[in-house]
Structures are given as structure tokens and as C-alpha cells.
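Right, one structure below, let's go through it.
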Ligand SMILES: [Cu+2]
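Residue numbers (our numbering): 60 to 621.
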């Protein structure tokens, strides 16, 4: 079937503005999300640099920052967390990869609602601008932590940055609107348009993960948006929803926040695991061991993720019997995630593995996320959490979940789909320097922090020299070591950025399918033109012994070596 006639209207020349700022092409919107997310990610990383420098060398002048004051320290900590999760992990993992991959992998020409798609990015861009603007208002940016617990975030006596706090809330709310618009579009496109012959269980795993993540996000974000508006009322009109003096309850905010906040972990985790699934199957030349198992596991994880949130509140004064219940659900949810990791490892069994940079990142995801998962058990059990709560052990734990997701997983996807996105190959040598530098530095940052946390370093502390139990030589050496490693991790992003931007012009021409993959996006040209496919692909069900049903016929069998 030819679709040229349907696309005659697209073949006129588009002006610069229309092409780069007003596009409805899902691939351009994906790139807009990607570049905005990468910019915000660098900013978040740069904030982390100042935080760690202040911890290692308290009160000293930080190169490129000057002296980090306590107010600035709080603002940087708050916004580092907020940016990395809402303006880096989500836009890149869901919006960029989702936008890019959904139409291409199901073999259609674009999203069902291209204009809603455009609006989604524009609202997202606005939210980023509002967040950045919050640094330039009287009092400076919000510093009440990314969880925005009242009274620090609401009560006029404690909230030292009223302007920054309100702008921060508005920015987060706008960002949620952007992702709600995007989620509607993703789910509708996914349900309603697929290449002829493609059955539900032919769909590549990464798309399932993105769709399930979108559903989780849409189902969990409502209470938080309501909470954000209530908090805004508290801030601007002193209504007192969360103020005990006025009959309110600060713990209510914690419930509203974490009812969203925990599923949010899976909103970003699942797409990263989907990316890893695609990369592993291609570079191991095997089909995913237990595709349906992974699918049902994910649905189960998604459902379970709605009943674990109060593990963040074990010491907030909730009923201990409730704490027991949430301990049980929290420990339960580690089972499906462990199972998915085992499925990936089983996929590698007896495979002939090609250690490309993308594959190295995918494998590193499994190894590093494993440490994040195991250390989470100490925090999920209410007994040990009472000891570890709000220490650097928690910080180290969630960085062992979020860095594998947002950096290692994203990198696996970027190195893998870069040839499709930009039509050229990235340099593998630079890629490997980037990989080893990033992963080794990352471990050197956070392994010491498990120790400092267990030894009593509370999080969100401006100067550890102020406390006798944390002002020891050994602890401060560990903090300095973590800081040096952090700077090293940032510096190792330079070969990546160089590789990423220079390869767009100078990289080897990729051709349609450089990795010999068998999903539909590789049937299109690299980069795919507006409308994606010259002919819409059809999906066959060949009787090859090793084939995955429903993949493009031309590219089978890939499994000679298996
Ligand atoms: Cu949680």
C-alpha cells in the first residue's frame, strides 16, 4: 500500500521556525523533548556539582559558583531533584523515546493527535522556563526539598522563598499538564493504529513499557495536582489545608505527594527497562526470554505500585499496623522487578553477545539497578527504615535506582537509536570511554555515601563540620572522594556531548538497519522522512524457527549464531 497521496500536503518546504519550533512531526517533537531534557539534565548535574563541593569543602569558593550560601544550597538541592526527575528523566525517557518510537515501531506515519503533541511540548517548554525563572525572583528559588513538605513549603514563618515556592509549584503543575496531553496521545495512537498484521503481543516491549508508564502517570498524578493547588492556596492565601494551627494536616500532603511519588518511580523505571530489553535482544541476537511474562509482570508491578507509597512515611507518625502493611507490599514489589531482571539475564544465556556501547550501558543498567533494589529492602522494612530514614543511605539508594534509569538506561537508548534519529553512527571508541568513565565514577560517588549515611550523615545538611559525630576525618575524606568522583562523572560527559553533536555531521552513514534489528523502525530510512515509511510496512508471521512472530520479514532470520 502506498501512502504518498496522503502525504502530498507534507512535501512543501517548511520554514526554519515551522520546522524546528512549530512542528507536528512526532520525530521533531521527540528531538525537542530530547534536547530540552538534555539541557535541563546538564543544569541539574551542574547543581549537584555545587552541592557536593559545598559538602567536601564547606564555606570555600566553588569554581564557577562562588560561595554557596545556605539559602542557595537548599535551592540547588531542591531543584537538582526536581529537575532530574521531572525535567530530565520523564521528558527523555517517556516523551522523547515515546514520541520517537511509538509511530515508527508500530509502522504508522505519525501520532493520532499531532497538534496535541505539539501543544504538549510547548507546555513542557513553558514549565521549564517558569522553573528557571524561579531562580530570579525576590528571595530566589524554592529550597524546601523536592518533596515540598509543609510547613517548610507553605507556612509563611518557614517558607523563606514564597515567590520561588509558588513558581516552583506552577512549573511542576504545568509539566504535569504537558505529560497528561502526551499520555492521551500515546495511548490513543498505540490502541488505534498499528501496521496490518501486528497483534498486541507483537508490539516491541519498549512500547508496552512506555504505555504502561503513561497509564501509571495519568492514574497517579490527579491527587498530586489537587494537592499542589491546595498547597498554592496555603502559600498565597494562608488557607491552612496542611497547617495544624488551622485544623489542617501536614501528613495529608505527604500522602498526596507519595501516592504519586512512588508510582512515578515505575513511570521512569519501566521505559528504561523497555529500552534495555530492546538493546539486549538485538545485541544478544535472541528473542526476549518470556515476553508475555515480562508483560504480565509489568502490569502487576504497575498495580502494586499504587499500594506502597506510605513506606516514605514510616516515621511520619502513621499507625504502626499500617506501616506493617506497607512493608509487606514494598517487599512484594521487589519480586516482579527481580523477575524482569532474571528474564533479561536468561535472554543472555548462551547468546553470542556483541559488546557495543549501547549493550554495555544496557548490561550496566542491570548490575547497578540490582544494587539499588537490594539496598531498597533496608528502607522498605519499617524497622530498619527508622534508623536509615533521611540519611545519606537513602540518597545513595535512590541514586542507585535513578542513575541507572535516567542516565545509564537513557544512554543505552541514545547510543542504540542514534543512527535512526540522525542517520549517522556515533563513534564507538568515544562511546566506550564515556561508558567506563561514567559507570566507574558513578560507583565511586555513591558507594562511600552508603557508608557515610549509615555512620550518621543526615541528608540536606549544609555543613557536616557543625556536628561532632559527622565531623570526623574519615567521613569527611569519604565526602571529598564522592565529590571528586562526581566532578569526574560530569567531565566524562564531555566525550559524550562531543560524540553526540559531531557525529551528526561527521559520523559514518548508518543506512537503514546498522544493528540488524528486526523491529519496524529499522525498515524506514535513517533518519525517517516526514511520514516515516515510503510504504506502510506489513507484518508477517514467518515460520522460521527462531523468529519472533510479527517482526518485519526482510530482517529474518537474524539468529544464525544462536
Ligand atoms: Cu517509594
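Note that beta-carbon positions come from the ideal geometry of N, C-alpha and C, so glycine has one too.
Helix, strand or coil for residue i per DSSP?
{"i": "residue 125", "result": "strand"}
{"i": "residue 294", "result": "helix"}
{"i": "residue 380", "result": "helix"}
{"i": "residue 372", "result": "coil"}
{"i": "residue 111", "result": "helix"}
{"i": "residue 120", "result": "strand"}
{"i": "residue 514", "result": "coil"}
{"i": "residue 594", "result": "strand"}
{"i": "residue 410", "result": "coil"}
{"i": "residue 569", "result": "coil"}
{"i": "residue 237", "result": "helix"}
{"i": "residue 213", "result": "coil"}
{"i": "residue 200", "result": "strand"}
{"i": "residue 262", "result": "coil"}
{"i": "residue 82", "result": "coil"}
{"i": "residue 146", "result": "helix"}
{"i": "residue 275", "result": "helix"}
{"i": "residue 317", "result": "helix"}
{"i": "residue 162", "result": "helix"}
{"i": "residue 206", "result": "coil"}
{"i": "residue 138", "result": "helix"}
{"i": "residue 220", "result": "coil"}
{"i": "residue 303", "result": "helix"}
{"i": "residue 361", "result": "helix"}
{"i": "residue 244", "result": "helix"}
{"i": "residue 585", "result": "coil"}
{"i": "residue 311", "result": "helix"}
{"i": "residue 345", "result": "coil"}
{"i": "residue 254", "result": "coil"}
{"i": "residue 267", "result": "helix"}
Assign residue i to one of two classes, buried (16 or more other C-beta atoms within 10 Å of its C-beta) or exposed (fewer than that).
{"i": "residue 126", "result": "exposed"}
{"i": "residue 527", "result": "exposed"}
{"i": "residue 433", "result": "exposed"}
{"i": "residue 483", "result": "buried"}
{"i": "residue 328", "result": "buried"}
{"i": "residue 118", "result": "exposed"}
{"i": "residue 620", "result": "Low confidence applies here, because residue 620 scores a pLDDT of 35, under 50, leaving its location unreliable; read the following figure in that light. When all chains shown are included, residue 620 counts as exposed."}
{"i": "residue 345", "result": "buried"}
{"i": "residue 511", "result": "buried"}
{"i": "residue 123", "result": "exposed"}
{"i": "residue 279", "result": "buried"}
{"i": "residue 174", "result": "exposed"}
{"i": "residue 241", "result": "buried"}
{"i": "residue 677", "result": "The displayed coordinates of the chain run from 60 to 621. Any statement about residue 677 would go beyond what the structure contains."}
{"i": "residue 231", "result": "buried"}
Assuming residue i and residue j make a contact with CB atoms under 8 Å, what is their CB distance in whole Å?
{"i": "residue 294", "j": "residue 224", "result": "6 Å"}
{"i": "residue 92", "j": "residue 171", "result": "With 8 Å as the limit, residue 92 and residue 171 do not qualify as a contact, their Cβ atoms being about 18 Å apart."}
{"i": "residue 478", "j": "residue 573", "result": "5 Å"}
{"i": "residue 363", "j": "residue 391", "result": "6 Å"}
{"i": "residue 186", "j": "residue 219", "result": "Not really, about 23 Å apart at Cβ, beyond 8 Å."}
{"i": "residue 547", "j": "residue 500", "result": "4 Å"}
{"i": "residue 598", "j": "residue 255", "result": "7 Å"}
{"i": "residue 290", "j": "residue 226", "result": "That belief does not hold up - the Cβ atoms of residue 290 and residue 226 are roughly 13 Å apart, past 8 Å."}
{"i": "residue 370", "j": "residue 439", "result": "5 Å"}
{"i": "residue 518", "j": "residue 406", "result": "Contact flag wrong, Cβ pair sits at about 37 Å."}
{"i": "residue 471", "j": "residue 310", "result": "The Cβ separation is near 39 Å, so there is no contact."}
{"i": "residue 237", "j": "residue 183", "result": "4 Å"}
{"i": "residue 474", "j": "residue 496", "result": "In fact, because the Cβ distance is near 14 Å, the residues do not count as touching under 8 Å."}
Counting only C-beta atoms, is residue i closer than 8 Å to chain C at any point?
{"i": "residue 590", "result": "No chain C appears in the structure shown, which is made up of a single protein chain."}
Does ligand 2 have even one heavy atom less than 7 Å from the beta-carbon of residue i?
{"i": "residue 371", "result": "Although ligand 2 was asked about, the structure shown includes only ligand 1 as ligands."}
Report yes or no: do the region 363-376 and the region 460-472 share at least 3 C-beta pairs separated by less than 8 Å? Too few Cβ pairs lie closer than 8 Å, so no.
Inter-stretch contact at 8 Å, needing at least 3 Cβ pairs: the region 153-164 / the region 74-91: As far as the Cβ criterion goes, the region 153-164 touches the region 74-91, which means the pair count is three or higher.
In chain order, what are the residue ranges of uninterrupted alpha helix (DSSP H) at least 4 long that sit wholly in the region 416-478? Positions of the alpha helix (DSSP H) runs, each at least 4 residues long and wholly inside the region 416-478, are given as 416-439, 441-447, 451-462 in order along the chain.
Would the region 567-585 and the region 336-344 be scored as touching if the rule is three or more Cβ pairs under 8 Å? The answer is yes - the region 336-344 touches the region 567-585, with three or more Cβ pairs under 8 Å.
Any contact of the region 557-566 with the region 316-334, i.e. 3+ C-beta pairs under 8 Å? With the cut-off at 8 Å, the region 557-566 and the region 316-334 do not touch.
With three or more C-beta pairs closer than 8 Å as the rule, is the region 162-182 touching the region 246-259? Inter-segment contact for the region 246-259 and the region 162-182 is present: three or more beta-carbon pairs are separated by less than 8 Å.
Is the region 202-217 touching the region 309-317, taking contact as three or more C-beta pairs under 8 Å? Pairwise C-beta distances place the region 202-217 in contact with the region 309-317, as three or more of them are shorter than 8 Å.
Complete alpha helix (DSSP H) runs within the region 481-567 (minimum length 4 residues, chain order): Assignment of alpha helix (DSSP H) within the region 481-567, counting only whole runs of 4 or more residues, yields 487-513, 532-550, 552-565 in chain order.
Per the contact definition of three or more C-beta pairs closer than 8 Å, is the region 436-455 in contact with the region 400-420? Taking one beta carbon from each stretch, the region 400-420 and the region 436-455 have fewer than 3 pairs nearer than 8 Å; the two do not touch.
Meets three-Cβ-pair contact criterion under 8 Å: the region 263-280 and the region 348-362: Here the region 263-280 makes contact with the region 348-362; the two share three or more CB pairs at distances below 8 Å.
Inter-stretch contact at 8 Å, needing at least 3 Cβ pairs: the region 175-193 / the region 297-306: No: fewer than three Cβ pairs fall under 8 Å.
Could you tell me whether the region 541-551 touches the region 121-138, where touching means 3 or more Cβ pairs closer than 8 Å? At 8 Å Cβ cutoff, the stretches do not touch.
Is the region 536-545 touching the region 107-123 in the sense that three or more CB pairs, one from each, lie closer than 8 Å? Yes, the region 107-123 touches the region 536-545.
Touch check for the region 92-103 and the region 135-143: three-plus C-beta pairs under 8 Å? Because the criterion of three Cβ pairs below 8 Å is met, the region 92-103 and the region 135-143 touch.
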